[in-house]
DNA sequence: CTTGACCTTGTAGTTGCTACAAGGTGCATA
DNA sequence: TATGCACCTTGTAGCAACTACAAGGTCAAG
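Chains as they are written, first to last, in full-length UniProt numbering: chain A, 1 to 132; chain B, 1 to 132.
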């Protein structure tokens with residue numbers, strides 16, 4: 001298949017696929033006589049894997065590692081586990097951060113009584129350096 | 001004060017302060033005879049405001065709006081409210097997304113029995129296109 | 001008079017794409 | 001045959017919000 005078809009099949013833009021190739025995330029495609037990229041089902045599988053990992057929040061570096069690991073069928077998968085666990089930890093950290101933010105913004109909003117900006121507690125809060 | 005002191009006072013790198021000036025987020029500082037930037041307490045207050053807003057997850061565009069709004073003491077603060085509410089909405093969306101991710105990664109991890117990569121459910125899951 | 005901390009400008013790198021621009025290819029239709 | 005259109009190619013630049021350097025100027029202390 002050509003790049004457009006692969007793009008449609010995976011919900012990826014053609015430009016992104018070329019980008020992955022440049023970055024070495026995907027192996028280079030064969031070329032037709034007219035220099036078009038020609039993809040196999042292996043490429044489809046690889047790209048699906050990459051996109052899925054990206055959707056799950058893995059960065060490019062981790063995707064590279066996962067790809068490398070997935071090539072070694074006979075090794076134990078503890079390294080895969082570790083990557084997933086690290087990713088889980090980061091997501092937990094992000095959720096915790098966002099939850100704090102949410103709390104603080106909620107309080108700001110509740111403190112506002114629709115007054116003049118000069119009296120606005122929100123602006124006032126923004127002007128205070130954070131403590132606690 | 002000079003840029004280094006302002007940087008220490010606000011927990012911002014000097015380079016970031018210069019960047020804010022370039023971007024028009026902060027007013028340009030006065031210059032000493034030797035062309036060093038010289039900051040006033042007004043600058044300190046402005047930078048504190050900006051950093052606080054950034055910490056709360058506001059983007060540069062929103063920070064610009066908040067700065068503009070905070071200049072108009074006599075207007076009602078409903079626009080400030082709206083910005084905060086939008087920000088709250090976005091944070092909620094991010095938390096929801098991350099919570100789904102977390103769930104999915106957790107399941108992957110629980111499905112793994114420390115086997116060979118060839119049998120690893122995690123790699124297998126990554127290879128499946130997402131459905132539901 | 002030299003060391004070292006500080007400041008200046010300008011440029012390029014980060015992440016993960018995305019958006020052009022300028023041109024070549026392939027196929028259906030008038 | 002011509003022409004139109006969708007598709008492909010490469011290369012370059014842009015996004016957010018900084019961060020990291022390089023090459024050089026300034027200033028106080030020892």
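All C-beta atoms in this analysis are idealised placements derived from N, C-alpha and C, irrespective of residue type, glycine included.
Contact set between residue i and chain A, taken where Cβ atoms lie within less than 9 Å
| i | result |
| --- | --- |
| residue 40 of chain B | By Cβ distance, chain A contributes nothing, its closest Cβ being about 15 Å from residue 40 of chain B, past 9 Å. |
| residue 98 of chain B | 57, 91, 92, 94, 95 and 98 |
| residue 220 of chain B | The shown model of chain B, from 1 to 132, leaves out residue 220 of chain B, and the question about it has no answer. |
Cβ pair residue i, residue j closer than 8 Å
| i | j | result |
| --- | --- | --- |
| residue 106 of chain A | residue 78 of chain B | no |
| residue 95 of chain A | residue 117 of chain B | no |
| residue 38 of chain B | residue 31 of chain B | yes |
| residue 123 of chain B | residue 40 of chain A | no |
| residue 91 of chain B | residue 63 of chain B | no |
| residue 111 of chain B | residue 121 of chain B | yes |
| residue 47 of chain A | residue 10 of chain A | yes |
| residue 17 of chain A | residue 7 of chain A | yes |
Listed by chain order, chain A residues near residue i by CB distance under 8 Å
| i | result |
| --- | --- |
| residue 78 of chain B | 114 |
| residue 81 of chain B | 109, 112, 114 and 122 |
| residue 88 of chain B | 102, 105, 106 and 109 |
| residue 85 of chain B | 109 |
Beta-carbon neighbours of residue i, restricted to chain B and to distances below 7 Å
| i | result |
| --- | --- |
| residue 70 of chain A | 117 and 123 |
Proximal residues of chain A, C-beta to C-beta of residue i below 7 Å
| i | result |
| --- | --- |
| residue 137 of chain B | Because chain B is modelled from 1 through 132, residue 137 of chain B falls outside the range shown and cannot be assessed. |
| residue 73 of chain B | 116, 117 and 118 |
Pick from the options that is closest to residue i, judged by C-alpha positions
| i | options | result |
| --- | --- | --- |
| residue 128 of chain A | B:51, B:2 and B:98 | B:51 |
| residue 82 of chain B | B:74, B:99 and B:58 | B:58 |
| residue 119 of chain B | A:34, A:80, A:19 and A:45 | A:80 |
| residue 104 of chain A | B:99, B:93, B:74 and B:85 | B:85 |
| residue 89 of chain B | B:19, B:56, B:34 and B:23 | B:56 |
| residue 23 of chain A | A:60, A:34, A:45 and A:4 | A:60 |
Same chain, Cβ closer than 8 Å to residue i, five either side skipped, listed in chain order
| i | result |
| --- | --- |
| residue 53 of chain A | 62, 63 and 66 |
| residue 99 of chain A | none |
| residue 15 of chain B | none |
Beta-carbon proximity list for residue i, same chain, < 6 Å, skipping 5 on both sides
| i | result |
| --- | --- |
| residue 132 of chain A | In this predicted model, residue 132 of chain A has a pLDDT of only 41, less than 50, meaning its place in the structure is not dependable; the value taken from the coordinates is given anyway. There are no such residues. |
| residue 2 of chain A | 36 |
| residue 43 of chain A | none |
| residue 108 of chain B | 122 and 125 |
| residue 97 of chain A | none |
Cβ-based neighbour list, residue i, same chain, cut-off 7 Å, excluding 5 preceding and 5 following
| i | result |
| --- | --- |
| residue 72 of chain B | none |
| residue 12 of chain A | 47 and 51 |
Chain-ordered neighbours of residue i on chain B, where CB pairs are closer than 8 Å
| i | result |
| --- | --- |
| residue 26 of chain A | None at all; the shortest Cβ gap to chain B is about 15 Å. |
* Where in the segment 43-104 of chain A do unbroken runs of the beta strand (DSSP E), each at least 3 residues long, occur, reported from the N-terminal end onward? -> none
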